[in-house]
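Reading through the structure tokens given below for one structure.
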Amino acid sequence: MAEDYFEGAKLTVEAELVSSGKPYSGPVDVKFLKGSKELKKETVNATDGKFDAPLEYVAPDVEKTEKNYDLSVICTYKKKNKKLLKATIWPKKVKAYFQDQEETKLSHWDFLVKQKGVDDQELSAEDDGKAEITLMARAAYSINVEAPFSIKDDEQVTKGEYRDHIVTVKRNIKAKFVTPDVTKAPYETDSDHSPAVKQWVNRVSANAKDVATHGCDSFGSRIVFTVSADPPEDGRKDDKVYFEVTFGDKNSKRNNPKREVLTTPAVEDLESKSSGKKLTGHVKLKADGGTADFQVELGIAGGDTCEVKIGGTDGVKDAKLKIINWRKMYAQATKLSTSTKPSLASATAGMKPVFIDFEEDTGAAVNLTEGDAPANSVMSGTIFETGGKAKALVVGDHNAGPFKAKMKSKFKTNSLPCAHLIFCDYQYDAKDRVHDVTLTVAPGDEIEFPPESGSNVPGVYEPGGNAGGKAKFLKKDIRDGSDPIKKCKWKSTDDASKNGTVPADHILVDCTKYGNFVHIKMPAAAVAELDDGHSIEVALKVAYADGPYNGWCTNGDLHNVIALGRTDKRICGTIVHECGHAIQQAAETAGSFPGLPAPPHDRHYTGRGHFGPHCAKGLSASKYNGGQVMNTINAGASCTCIMFGSTGARTTDSTEFCDKCEPYVKAVAVVTVSTT
Ligand SMILES: [Zn+2]
Ligand SMILES: [Zn+2]
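Residue numbers are given in numbering that gives the first Met the number 0: position 526 of the sequence shown equals residue 525, and the series is strictly consecutive.
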């Protein structure tokens, strides 16, 4: 082990010399070496194994081109070499001169000398910027300056000279985020700031500066980053804070609004790299101890990421924040107080993969008593099905208006979307649904009246299917609870003066009891005409309703009528489906998806028993057949996307969008839900 000495140290060397197992007496050659260079060579005498006098040397100074050097003493006797000393010699005094980047001396400059094993020395230069440093440890040393300053270079060291430092100092602030405040929720992350924090981008503002929070409240596609020195008092007016903004490789193809660093407020040296994925530049502090701002547009696509790094140098190593875009969609539940609200968990789960955070605004929930409910919306469920409950809520296009007016969530008006979930027991549409038809009863025409009674009488029936594919002849006109038969008149084709109104007890209409028909038994006077061989014309006007439906997004509006009476998962499936319609799914028009391949995708279809655009992902190309799904009932067994809609329900309970729809759902501007 080498021993450590300062330069100029007096070294005393003694030895125990042995030869053939006995203390040696006689001449000894001694070499004093610096590295391999011989500094001194002498011959001394030893008696009984010891030098007659101790050997004494002085360690020469460390040269200016050396950081230290090795010294050794080797003796030779009886052709044997023996190393008597191995030492490392360190400098004791060094000099330093401090200057700024303009080469102006830094009088009384404070600096630190650090060495292992001893306390840091806090020193100051003299008036002339020079300092003499006495080192405290026989060890390597370093000269340091305190933040926000750093050593730009040490000219002499650069040249390979170590004793006479010329130290150039530069100001070099550390930067930090003032807002968003990354030390607090919602922007708080772990010490490495590696997990992305959520930003709900579906609050659109032309300039986040216009929003009191500058987008630093987790909402908005634009954030104004306010930065300062760390600590702020280190900052001086015009100190630079550098930024680097990197958008994720897997971000949506949506290109409007463009993800970018905006030029309001002004930034300097803004440079776009990697096709706009990385933007660099800097801003300058507005005052001593002050701040500077730059604004980032995150885009509005769900799942997009953006990493913002800042620093006092363009290495941007001082602070960072990673953001991931989400869209918030609130929901208000409006229902009859006597019905049970389904769990919305599966709806939340279905929207999560497309970065929509679906959350009920529970404070806005509306529970209607029968008296609060819009007129003619609470009625017996037996109108629709056998065993239907006594007080059922029925909503459709004929009475949706007053339900829409029940929307009270504050999120409807503050630029955030809020879906209005109007939970009903039955969803039937009855607006303007009156079937107006002329029927003919020929002599000999008979119907079973009542149906399945075995009693045949002259008469005629009209199937609901003639009014429309989803038309149901219900026992009441659900618009006002009145008789659905608005008109039923007969007249002889032979003599129009022979006519009359078919009495109510000659008409049977109740699809739960008699099937989906209007059965009309001819009154006696009409039967007489038939018996005379004359046909009878029957003018029928009957109110009907289209349904039942599981849900209705009220034509792209935020109000969604959702039918209960199914499992929570199925109800949630309807919620996601209807909310999907409300945000332009399945995608049809390119205008809503700038930058994406123009929709529709190759399993899109319309109609087939549902209204609006739908998705048949899962169906083979031949069965999809260019959108003319051959068997809409069986298709439900293959179709997996929540945007499947047809006469046959999907087999799966999944509430998620398929991979064909996903890019469009991620890209869509969710904010538009609240604008209709
Ligand atoms: Zn649909
Ligand atoms: Zn799909």
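Each residue gets a CB set at the ideal place from its N, CA and C atoms; glycine is no exception.
Assigned exposure category for residue i - 16 Cβ within 10 Å defines buried
i: residue 529; result: buried
i: residue 330; result: buried
i: residue 233; result: buried
i: residue 106; result: exposed
i: residue 624; result: exposed
i: residue 248; result: exposed
i: residue 280; result: buried
i: residue 39; result: exposed
i: residue 584; result: buried
i: residue 524; result: exposed
i: residue 84; result: buried
i: residue 655; result: buried
i: residue 502; result: exposed
i: residue 612; result: buried
i: residue 57; result: exposed
i: residue 317; result: buried
i: residue 596; result: exposed
i: residue 426; result: buried
i: residue 455; result: exposed
i: residue 124; result: buried
i: residue 559; result: buried
i: residue 251; result: buried
i: residue 469; result: buried
i: residue 408; result: buried
i: residue 726; result: The chain is shown only over 0 to 675; residue 726 falls outside these bounds and no answer can be derived.
Cα-Cα separation, residue i to residue j
i: residue 422; j: residue 511; result: 23 Å
i: residue 149; j: residue 292; result: 25 Å
i: residue 516; j: residue 493; result: 27 Å
i: residue 94; j: residue 138; result: 16 Å
i: residue 31; j: residue 72; result: 5 Å
i: residue 489; j: residue 406; result: 47 Å
i: residue 141; j: residue 122; result: 13 Å
i: residue 567; j: residue 342; result: 6 Å
i: residue 542; j: residue 434; result: 6 Å
i: residue 522; j: residue 485; result: 18 Å
i: residue 174; j: residue 615; result: 52 Å
i: residue 3; j: residue 145; result: 29 Å
i: residue 23; j: residue 81; result: 13 Å
i: residue 245; j: residue 8; result: 58 Å
i: residue 385; j: residue 211; result: 57 Å
i: residue 618; j: residue 572; result: 19 Å
i: residue 375; j: residue 478; result: 7 Å
i: residue 452; j: residue 504; result: 15 Å
i: residue 533; j: residue 648; result: 48 Å
i: residue 336; j: residue 536; result: 48 Å
i: residue 674; j: residue 416; result: The predicted position of residue 674 is uncertain, since its pLDDT is 30 and thus under 50; a value taken from the coordinates is nonetheless stated next. Approximately 8 Å, taken between the alpha carbons.
i: residue 33; j: residue 52; result: 22 Å
i: residue 672; j: residue 439; result: Residue confidence is low: residue 672 scores 46 on pLDDT, short of 50, so the model does not pin down where it sits. Its coordinate-derived value is still stated next. Going from the Cα of residue 672 to the Cα of residue 439 covers about 49 Å.
i: residue 273; j: residue 295; result: 17 Å
i: residue 588; j: residue 100; result: 60 Å
i: residue 644; j: residue 609; result: 6 Å
i: residue 444; j: residue 635; result: 41 Å
i: residue 112; j: residue 134; result: 8 Å
i: residue 372; j: residue 481; result: 18 Å
i: residue 639; j: residue 499; result: 55 Å
i: residue 320; j: residue 253; result: 23 Å
Integer-rounded CB distance, given that residue j should sit under 8 Å from residue i
i: residue 458; j: residue 520; result: 4 Å
i: residue 171; j: residue 289; result: 17 Å between Cβ atoms; not a contact.
i: residue 356; j: residue 545; result: At roughly 34 Å, the Cβ-Cβ gap does not stay under 8 Å, so residue 356 and residue 545 are not in contact.
i: residue 307; j: residue 218; result: Not a contact, Cβ separation roughly 17 Å.
i: residue 255; j: residue 594; result: 7 Å
i: residue 579; j: residue 642; result: 5 Å
i: residue 6; j: residue 91; result: 5 Å
Any C-beta of chain C under 8 Å from that of residue i
i: residue 302; result: Reference to chain C is not applicable here, since this structure consists of a single protein chain.
Checklist entry - Near ligand 1, which residues have their beta-carbon less than 6 Å from any of its heavy atoms, given in chain order? => result 576, 580, 609, 611, 613 and 644
Checklist entry - Pick out every residue whose C-beta is nearer than 7 Å to a heavy atom of ligand 2: which are they, in chain order? => result The answer, residue by residue, is 585, 602, 614, 616, 640, 642, 656, 657, 659 and 660.
Item to check | Segments assigned beta strand (DSSP E), at least 3 residues, entirely inside the segment 82 to 111 | outcome: The qualifying runs are 92 to 99.
Next on the checklist: My parser needs the alpha helix (DSSP H) runs of 4 or more residues fully inside the segment 291 to 352; what are they?
Outcome noted: 344 to 350
Checklist entry - Whole alpha helix (DSSP H) runs in the segment 582 to 640 with 4 or more residues, listed along the chain? => result 620 to 623 and 634 to 637
Next on the checklist: My parser needs the beta strand (DSSP E) runs of 3 or more residues fully inside the segment 365 to 438; what are they?
Outcome noted: Runs of the beta strand (DSSP E) inside the segment 365 to 438: 365 to 367, 391 to 394, 417 to 423 and 425 to 428.
Checklist entry - If you scan the segment 151 to 217 from start to end, which runs of the beta strand (DSSP E) of 3 or more residues do you find wholly inside it? => result 163 to 170, 174 to 178 and 196 to 199
Item to check | Start-end ranges of the alpha helix (DSSP H) lying completely within the segment 105 to 145, minimum 4 residues | outcome: none
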